[in-house]
DNA sequence: GTTAGCACTTGAAGGTGATGAGTGCTAACA
DNA sequence: TGTTAGCACTCATCACCTTCAAGTGCTAAC
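Protein chains in written order, with the numbering used here: chain A, 69 to 420; chain B, 69 to 420.
Here it is as structure tokens:
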């Protein structure tokens, strides 16, 4: 593909992303390629269409980029957009230390992304599997039930009710609770699940409780609904493709199901930092006319979750990717800063 | 208002709810009032319009009920609908004992209501204020933080992270935790908030922790986002008024904000069991073209939350109210049954 | 390889007239 | 006095047509 073809393709995609109307040869020569005539551009456009990058609804309607064009655009043509100073300020101001626990942090990240991009944002919290259990307890609730709570340093990892034998006194439960904390403390959720045999032995008389706990641990393998958040669903109406009720319907059917959100956000290759899915071709759960751009963040070796936006195929990929990248950086700094602070604190303690 | 006027108004509302098209005098005489002529009905219709019960978009377009008509319809005209055997079966099958904790119960109630009515359902969980604290604990998480968990017999009442002095050892926290459980166990959340003075004295060296706990208790006054659930948002598309993008927009702007949902579901008179809000006139947060029907359930003196549907003004009030009533009955039976079972259990224990 | 020129296609916008649904009014009737 | 038939009137909808502008593809000339 010639440089001029690339340039023209870039112009078409940029223009279409901006205006949402099919772009014509005339518009291209008037605004961008002033040194050639519209006829020349027409020839190039016809050729780009043959290559599969452009489509026409009808002969007199200008051209529109195909999903293939967007992919090429993102990989080669797009200007890696820099954010405005205001946007950068907004990001750095948004994540203050007060967002101490991960639950809140996830929500505020999702909100920031949605606000800055003007698209609906989706997020899936940190993968719980590899987080270290900091503490664990069984809280008696009466009527033969107890609440099992597992926390890390920064969040409630999981909680759920389990049945306990009626014969167990509150003191017995407290004892069992201590054993659990000792047994599982410091382990990752995935490791915790593997101590089964050993644990059952140690528990002796409370074998049944342990069985229930193991059962609960197993059910924690998939993300909870609360770990999947959505921000700014109404943002969809800011984009003209969603004047069409059918598109809104598709969109809503996806975002109102946490399972589907998890599906389209979740199943990505760990190697890839930023992942773009364009239309149903890339993921059957993404509606025909939608794109999903996600980024997986981690800091200090710790997974911080996957965040992204869902919006029309005609998405401002440059802006979206810039926002995702900068939010990632801010998050990394926040977490690293905190770690360092803690290290300092610990150091001070040791120095005493 | 004459009996015939009432009958005609009833026919108009029934017909319009069913068909969503303005109803004409001819339709009324053909299908329902076969003993009078359409001209007579026209006179009555004109009179009902003057009374404010009916409106016309244009002279040749049939008539449509006004909000005032719906109110009158619900209070006097509507046939208190009985549910089909299938619907009743569905309800009684939906709430089995396995939905042990309140969180799941709320969700399943919301789903049942949405499924049976074909409208989007909204629910707000049991009012936490008067529930008795069954247990309470502080779980150390490191880095000067601890998780405060409060449970009743059937659910996690509240949880949140609080700061603790770095100097507190895990054992100290455990001690404080015991004191908390003793101090607050058996109290309602609203009562717990009032023990401030006494508590601060008892806590001695851990005064600061207690201050944080009190602070947390105070923040628990309003419902958590998780206590507000929504089921079947996509159901809205099953009703023709939501072919219009503007209406969908209004609708989505309300249901995507938990605060707004809480507002329209929450602020009702405790005296009223079933509450109907028709359009913005009854509640400024209800969109112009929407109605909200809610019911507050309680069983054994315990508040079980408020449930309802949000949908077009042209709502099948009879069906909706029947579903809400029957779901309420089923829920009451479920909870009473459980209480009895527990009483039985306790009795057996005492008999031993 | 580039360009001007032109015929062609197509959707959008606007106008027209026919159709049909539904009403309001009036006068006659019981 | 309430009811009814009859009729003129209103209005949305639809099909059909015309016009308009945008944009293309193609060709011939540079």
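No residue lacks a Cβ here, since even glycine has one placed at the ideal position from N, Cα and C.
Which same chain residues, not among the five before or five after residue 308 (chain A), have their C-beta less than 6 Å away from its C-beta?
So the list reads 88, once near-sequence residues are dropped.
Report the partner residues of residue 231 (chain A) according to the DSSP bridge assignment.
According to DSSP, which records beta bridges pairwise, residue 231 (chain A) is partnered with A:213.
Sort B:221, B:357 and B:278 by Cα distance to residue 244 (chain B) and report the nearest one.
Looking at the Cα atoms, B:278 is the closest of the given residues.
Is it the case that the Cβ atoms of residue 368 (chain B) and residue 359 (chain B) are separated by a distance below 8 Å?
Not closer than 8 Å, so no.
For residue 329 (chain B), which residues from the same chain have a beta carbon less than 6 Å from its beta carbon, with the 5 sequence-adjacent residues on both sides left out?
Closer than 6 Å at the Cβ level, and outside the excluded window around residue 329 (chain B), lie 190 and 296.
Please list the partners that residue 302 (chain B) has in chain A, where partner means a Cβ-to-Cβ separation under 8 Å.
Result: 317, 320, 321 and 324.
Answer yes or no: do residue 349 (chain A) and residue 135 (chain A) have a C-beta to C-beta separation smaller than 8 Å?
Yes; because the gap between Cβ atoms is below 8 Å, this pair is in contact.
For chain B, check one thing: does any of its Cβ atoms lie closer than 8 Å to the Cβ of residue 194 (chain A)?
No, residue 194 (chain A) lies away from the interface with chain B (no Cβ there is under 8 Å from its Cβ).
What do you reckon, are the CB atoms on residue 188 (chain B) and residue 304 (chain B) nearer than 8 Å?
In this structure, residue 304 (chain B) lies closer than 8 Å to residue 188 (chain B) by Cβ.
Straight-line CA distance for residue 225 (chain B) to residue 218 (chain B)?
Rounded to the nearest angstrom, the two C-alpha atoms are 5 Å apart.
Who are the neighbours of residue 239 (chain A) on chain B, taking C-beta pairs under 7 Å?
Residues of chain B passing the Cβ test: none, with the nearest at roughly 11 Å.
Pairing CB atoms from the segment 385-397 of chain A with CB atoms from the segment 202-221 of chain A, are three or more of them under 8 Å?
Judged by Cβ distances under 8 Å, the segment 385-397 of chain A makes no contact with the segment 202-221 of chain A, as fewer than three pairs qualify.
Quick check: the Cα distance between residue 201 (chain A) and residue 252 (chain A), rounded to an integer number of angstroms?
Using only the alpha carbons, I get a separation of about 7 Å.
So, is residue 144 (chain A) buried or exposed, given that buried needs 16 or more other C-beta atoms within 10 angstroms?
Per the 10 Å Cβ criterion, exposed.
Might you give, ordered along the chain, the residues of its own chain that have their beta carbon closer than 8 Å to the beta carbon of residue 76 (chain B), omitting 5 neighbours on each side?
96, 101, 109, 112, 113 and 116.
Residue 452 (chain A) to residue 141 (chain A), Cα distance in whole Å?
The first residue shown for chain A is 69 and the last is 420, placing residue 452 (chain A) beyond what the model contains.
Quick check: residue 68 (chain A) and residue 316 (chain B), are their CB atoms within less than 8 Å of each other?
For residue 68 (chain A) there is no data in the structure shown, the boundaries of chain A being 69 and 420.
What residues in its chain sit with their C-beta under 8 Å from that of residue 331 (chain A), if we drop five residues either side in the sequence?
For residue 331 (chain A), where only same-chain residues beyond five positions count, the Cβ hits under 8 Å are 351 and 353.
Going along chain B in order, which residues have a C-beta closer than 7 Å to the C-beta of residue 208 (chain A)?
Chain B residues near residue 208 (chain A): 203.
Counting C-beta neighbours from all protein chains within 10 Å, is the total for residue 193 (chain B) 16 or more, i.e. buried, or is it exposed?
When all chains shown are included, residue 193 (chain B) counts as buried.
Distance check for residue 223 (chain A) and residue 169 (chain A), CA to CA, integer angstroms please.
Straight-line Cα distance between these residues: approximately 6 Å.
Taking only the alpha-carbon atoms, compute the straight-line gap between residue 123 (chain A) and residue 86 (chain A) and give it to the nearest angstrom.
Approximately 17 Å, taken between the alpha carbons.
Quick check for students: name the residue ranges of the alpha helix (DSSP H) that lie wholly in the segment 92-163 of chain A, counting only runs of 4 or more.
For the segment 92-163 of chain A, whole alpha helix (DSSP H) runs of length 4 or above, ordered along the chain, are 93-99, 106-118, 135-140 and 153-162.
Using beta carbons (cut-off 8 Å, strictly below), is residue 313 (chain A) in contact with chain B?
Yes, because at least one Cβ of chain B sits closer than 8 Å to the Cβ of residue 313 (chain A).
By the criterion of Cβ-Cβ separation under 9 Å, what are the contact partners of residue 294 (chain B) in chain A?
294, listed in chain order.
Classify residue 428 (chain B) as helix, strand or coil using the three-state DSSP reduction.
Missing from the structure shown is residue 428 (chain B); chain B here goes from 69 to 420 and no further.
Check the Cβ of residue 219 (chain A) against every Cβ in chain B and list those closer than 8 Å, keeping chain order.
Under the 8 Å cutoff, chain B gives 207, 209 and 215.
Suppose you measure from the CA of residue 236 (chain A) to the CA of residue 214 (chain A); what does that come to, to the nearest Å?
When rounded, the distance between both Cα atoms is 11 Å.
What separation, rounded to the nearest whole angstrom, lies between the Cα atoms of residue 229 (chain B) and residue 288 (chain A)?
C-alpha separation (whole angstroms): 21 Å.
Measuring CA to CA, which of A:186, A:132 and A:137 is closest to residue 376 (chain A)?
Closest option to residue 376 (chain A), Cα to Cα, is A:186.
To test your reading of the DSSP string, which unbroken alpha helix (DSSP H) runs of 4 or more residues are found completely within the segment 345-386 of chain B?
Entirely contained in the segment 345-386 of chain B, the alpha helix (DSSP H) runs reaching 4 residues are, in chain order, 347-350.
Determine whether the Cβ of residue 224 (chain A) lies closer than 8 Å to any Cβ atom of chain B.
Cβ-Cβ to chain B under 8 Å: yes for residue 224 (chain A).
Identify whether residue 391 (chain B) lies in helix, strand or coil by the three-state DSSP scheme.
Note: residue 391 (chain B) maps to helix in three-state DSSP.
Could you give the DSSP three-state label for residue 343 (chain A): helix, strand or coil?
Three-state DSSP puts residue 343 (chain A) in a strand.
Taking residue 189 (chain B) as part of the beta strand (DSSP E), name the residues at either end of that continuous run.
Looking at the DSSP string, the run of the beta strand (DSSP E) that includes residue 189 (chain B) is 188-192.
State yes or no: is the C-beta of residue 149 (chain A) within less than 8 Å of the C-beta of residue 326 (chain A)?
Result no, Cβ atoms of residue 149 (chain A) and residue 326 (chain A) do not sit closer than 8 Å.
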